[in-house]
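Everything in the sequence shown is counted per the numbering used here, starting at 2 for the first residue and increasing by one.
Positions of the beta carbon are idealized from the N, C-alpha and C atoms, including for glycine.
All of these numbers come straight from a predicted model, not from anything done at the bench.
Notes follow the structure.
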Amino acid sequence: MATKIVTVGREFGSGGREVGKRLADELGFAYYDKTIITEIAKKSDFSEGFVATILENGTMQRNFLSFGHTFSEYSYSSSGITEKILAAQREVIEKLAETDCVIVGRCADLILSEQNPFRLFVYADEASKLERCKKYEEQNGENLTDKQLLKKIRSVDKGREKLYGLFYGKEWGNRENYDLCVNTSHADIPSIVPCIAQYVRKWYENK
2 MATKIVTVGR EFGSGGREVG KRLADELGFA YYDKTIITEI AKKSDFSEGF VATILENGTM
62 QRNFLSFGHT FSEYSYSSSG ITEKILAAQR EVIEKLAETD CVIVGRCADL ILSEQNPFRL
122 FVYADEASKL ERCKKYEEQN GENLTDKQLL KKIRSVDKGR EKLYGLFYGK EWGNRENYDL
182 CVNTSHADIP SIVPCIAQYV RKWYENK
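And the structure:
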């Protein structure tokens with residue numbers, strides 16, 4: 002039986018990570034998120050912070066061919082560094098995808114495109130994202146103003162959008178690139194995850 006993979010793209014503050022974790026639990030799948038950065042860092046011999054900067058901020062200059070081939074002329078001094086990190090990312094994600102799993106972020110939907118994963122995208126309106134981020138900040142003892150949080154939300158989403166364009170020539174968040182898009186603006190995430198899980202099951206049954 003073919004491996005079942007769910008990839009989760011998400012806007013910052015939309016609750017995509019919570020959706021992914023609860024969905025993995027509901028389906029009985031393995032769950033991967035931030036640990037991917039740790040594994041990439043180990044394989045590439047760079048710090049987790051440096052790896053995260055390249056893979057999350059989308060700060061490289063535009064000049065690419067296609068994934069698995071040549072990437073060059075980024076804002077870092079050596080294209081070889083970026084290529085090494087990209088190769089490590091692909092290796093890590095492909096290894097994780099050998100078993101049924103839910104993978105949050107890391108362009109997994111594009112890296113695993115030949116395996117035809119179920120591609121989920123989670124989004125929300127800005128007010129809802131701000132409210133969710135404020136609760137997270139309070140729980141973690143941080144104290145950012147609404148203005149600072151909005152700037153962070155917009156910056157992270159802009160980085161993710163840029164990353165998709167730079168590395169893959171794809172439009173991040175475009176509904177045509179996903180199998181299901183979920184708006185969590187006025188949703189109770191624990192309540193909607195079972196519905197998403199059922200949708201995923203039916204999708205795989207009908208493949």
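Looking at the DSSP output, Ala31 bridges to Cys102.
If you draw a straight line from the Cα of Ala25 to the Cα of Asn144, it is about 31 Å long.
In the DSSP assignment, Phe119 falls within the beta strand (DSSP E) that extends over Phe119 to Tyr124. In this structure, Gly14 sits away from Ile190, with a CB-CB distance that is not shorter than 8 Å. Here the segment 23–43 lies against the segment 101–110, with 3 or more beta-carbon pairs under 8 Å apart.
The alpha-carbon separation between Glu132 and Gln149 amounts to approximately 13 Å. Within the same chain, no residue comes within 6 Å of Ala128 by CB-CB distance, once the 5 residues on both sides are set aside.
Counting the other Cβ atoms within 10 Å of the Cβ of Ser192 gives fewer than 16, which makes it exposed. For Val52 and Ile86, the gap between their C-alpha atoms comes out near 7 Å. The count of Cβ pairs closer than 8 Å, one atom from the segment 90–100 and one from the segment 35–44, reaches three, so the stretches are in contact.
The Cβ atoms of Ala125 and Glu12 sit closer than 8 Å to each other. In terms of Cβ geometry, Leu121 and Thr4 do not form a close pair [threshold 8 Å]. Spanning the alpha carbons of Lys203 and Cys196 requires a straight line of approximately 11 Å.
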